[in-house]
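Each step along the sequence shown adds one to the number in UniProt numbering, with nothing skipped, and position 308 is 308. All C-beta atoms, glycine included, are put in the ideal place defined by N, C-alpha and C. A quick note: this is a predicted structure, and the numbers were derived from the prediction, not measured. For reference, the structure is listed below as structure tokens.
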Amino acid sequence: MVQAKTWILTKHFDGFPKDSDFQLKTEELPAPKDGEVLLEAVFLSVDPYMRPFSRFRMKEGDVMIGSQVAKVVESNNPAFPVGSHVLGRCGWRSHTVCDGKDLIPIMADWPKDVSMSLALGGIGMPGQTALYGIEEVLGLQEGETLLVNSAAGAVGSIVGQIAKIKGCKVVGSAGSDAKVAFLKELGFDEAFNYKTVGSLEEALRKASPDGYDCFFENVGGPFSSVAIQQMKNFGRIAVCGAISTYNDATPQTGPYPHLTMIVKQLKMEGFMQSRWEHKNPETLKRLMGWLKEGKLQCREHITRGFEQMPAAFMGILRGENVGKAVVAV
Ligand SMILES: NC(=O)c1ccc[n+]([C@@H]2O[C@H](COP(=O)([O-])OP(=O)(O)OC[C@H]3O[C@@H](n4cnc5c(N)ncnc54)[C@H](OP(=O)(O)O)[C@@H]3O)[C@@H](O)[C@H]2O)c1
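Put into structure tokens, the structure is as follows:
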């Protein structure tokens, strides 16, 4: 018998999540039946989407949602041999028994010198999000200027680097001077700390006096209202996230962008990376190729210990992470 540790959502979040919204529980798992496997979590992802999705994908008492890289420790399913690694949407669980239907084997030729934790980050969902936002939504072209906010995070840091690979000018904003220094290291042309610039409008204008062709939006709220005013005519906006609104108890209101969108003839499109799931294998190969060529850096913010899952999750909502936030068991 294996004892699995799980993190339960005891109470729906009201405003910023609290320790008391989570409970660590132990459950005894049955032995895997025919066709089933027993998984042991190695790396677990904490992501901003867990905050809004908890409201419409979970009920109180459920195990927290989330993806993990896990090792197959027992197997009655030939597709997943013992010792192999998989990506699974198992939630915040240390051990899982499942039939393998929703498991994705980690790339067979995953290089030995690359941590498998990156399958949750730059060579995983956030990397895919960055690439699909740039290619499928924005259609970013060489020579264009792109703005990305939350730029030192899991998605934003990859967005900026892909835009540089494509020969663009990249402007990024982030919430600390250390993050700004990291963006410069990654090759961003301009970067600023949105918390300390006196005027966001001036900072955006100074970074690109001619305005922006493309805006990869991760934050929403007042940042968005100011940035939209700085778009060039026919500018494109990919709405990937709105993290500044996720903990709001009351929805934020205006200013409304309609007149600016009409006059500048802007295009704004929201997207979920899952729309292009069929492209994932090819996309992961491209991202891994850039990593191996030294064109892509995948910085991680690792927290150690399954017990730290809530702290790591709340940490991203406080901006504690540089790069992808991951929990190593
Ligand atoms: N559409 C999709 O398919 C998809 C997929 C993945 C992610 N996303 C979205 O993409 C965005 C970035 O996700 P990620 O995984 O890369 O997260 P992340 O950027 O690694 O981590 C979150 C960051 O957001 C910033 N932040 C936190 N609270 C904030 C607030 N109140 N106002 C402004 N910034 C705040 C912090 O950076 P600073 O210190 O810079 O403020 C924090 O480090 C999120 O909005 C997420 O929901 C969407």
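| query | result |
| --- | --- |
| Rounded C-beta distance between LEU140 and CYS168? I'm assuming under 8 Å. | 6 Å |
| Between CYS168 and ligand 2, is there a pair consisting of the residue's CB and a ligand heavy atom that are separated by less than 8 Å? | Only ligand 1 can be found as ligands here, which leaves ligand 2 out of the picture. |
| Would the region 30 to 47 count as touching the region 69 to 79 if we require 3 or more Cβ pairs under 8 Å? | yes |
| Taking the C-alpha atoms as reference points, what is the distance between VAL329 and VAL97? | 18 Å |
| Considering only residues of the region 246 to 303, which uninterrupted beta strand (DSSP E) runs meet the minimum length of 3 residues and lie entirely inside it, listed in chain order? | 267 to 270 |
| Taking 7 Å as the limit between beta carbons, can you name the residues of its chain near GLN273, skipping five residues before and five after? | MET125, GLN128, THR129, TYR132 |
| How close, in whole Å, do the beta carbons of ASP99 and ARG89 come, if the pair is a contact with beta carbons under 8 Å? | ASP99 to ARG89, Cβ: 13 Å. No contact. |
| Does at least one heavy atom of ligand 1 sit under 8 Å from the Cβ of ALA41? | no |
| What number of angstroms, rounded off, separates the C-alpha of SER173 from the C-alpha of TYR212? | 14 Å |
| Classify LYS164 as helix, strand or coil using the three-state DSSP reduction. | helix |
| Which same chain residues end up closer than 6 Å to PRO17 when comparing Cβ atoms and leaving out the 5 residues on each side of it in sequence? | MET314 |
| List the DSSP bridge partners of HIS85. | LYS71 |
| Taking contact to mean 3 or more Cβ pairs, one atom from each stretch, closer than 8 Å, check whether the region 307 to 327 and the region 48 to 57 are in contact. | yes |
| Does the beta-carbon of ASP21 have 16 or more other beta-carbons within 10 angstroms, so that it is buried, or is it exposed? | buried |
| Look at the alpha carbon of ARG299 and the alpha carbon of ILE162, and state the distance between them as a whole number of angstroms. | 14 Å |
| Assign ARG57 to one of three DSSP states: helix, strand, or coil. | helix |
| To the nearest angstrom, how far is it from the Cα of VAL263 to the Cα of TYR194? | 27 Å |
| Considering Cα atoms alone, identify which of LYS232, SER199, PRO111, GLY254 is closest to GLY220. | GLY254 |
| Cβ-heavy atom distance between residue 331 and ligand 1 below 8 Å? | Shown here, the chain extends from 1 to 329; a query on residue 331 therefore has no answer. |
| Taking the alpha carbon of PHE287 as the point to measure from, which residue in ASP62, GLU27, ARG93, VAL114 has its own alpha carbon closest? | Correcting the residue identity first, residue 287 is Leu in this sequence and not Phe. Among ASP62, GLU27, ARG93, VAL114, the Cα nearest to that of LEU287 is on VAL114. |
| Per DSSP, residue 375 is paired with what? | Any answer about residue 375 is impossible in this case: the structure gives the chain only from 1 up to 329. |
| Using only the heavy atoms of ligand 1, determine whether one of them is closer than 8 Å to the beta carbon of LYS18. | no |
| Three-state secondary structure (DSSP) at TYR132? | helix |
| What is the rounded straight-line gap between the Cα of TRP110 and the Cα of ASN280? | 15 Å |
| Assign PRO105 to one of three DSSP states: helix, strand, or coil. | strand |
| Excluding the 5 residues flanking TYR261 on each side, which residues of the same chain have their C-beta closer than 8 Å to its C-beta? | For the record, residue 261 in the displayed sequence is Met; it is not Tyr. Only ILE228, MET268 meet the Cβ criterion. |
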